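Input: a single structure, listed below in structure tokens.
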Amino acid sequence: IGGHGDSEAISVKSSDNTIRYNTLRNSRGEITLRHGNHNLIEADQVSATVECIYL
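Numbering of the sequence shown is given in the numbering used here, commencing with residue 4 and proceeding in unit increments.
Structure follows, in structure tokens:
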């Protein structure tokens with residue numbers, strides 16, 4: 004995911020999700036987790052971004 008679109012590139016608002024094997028590069032976007040439990044972020048790559056992961 005790249006570019007300068009929405010600040011929430013990946014947004015999760017539920018429980019028991021796996022976010023895996025995503026690449027965020029040169030992006031304002033972030034991975035956002037809200038209002039959920041037991042979520043897993045694994046093996047994602049983030050480079051040259053303003054924000055990264057918001058919990």
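Just so you know, even glycine gets a beta-carbon here, dropped at the ideal spot from N, CA and C. The structure presented is a predicted model; accordingly, all values stated were derived computationally and were not measured.
| Asked | Found |
| --- | --- |
| ASN42 - DSSP class collapsed to helix/strand/coil | coil |
| Extent of the continuous beta strand (DSSP E) to which VAL49 belongs | 48-50 |
| For ASN25, three-class secondary structure by DSSP | coil |
| Cβ-Cβ separation, SER18 to GLY39 (assumed contact under 8 Å), whole Å | 4 Å |
| Contact belief for GLY32 with SER10 at Cβ below 8 Å, rounded distance in angstroms | 6 Å |
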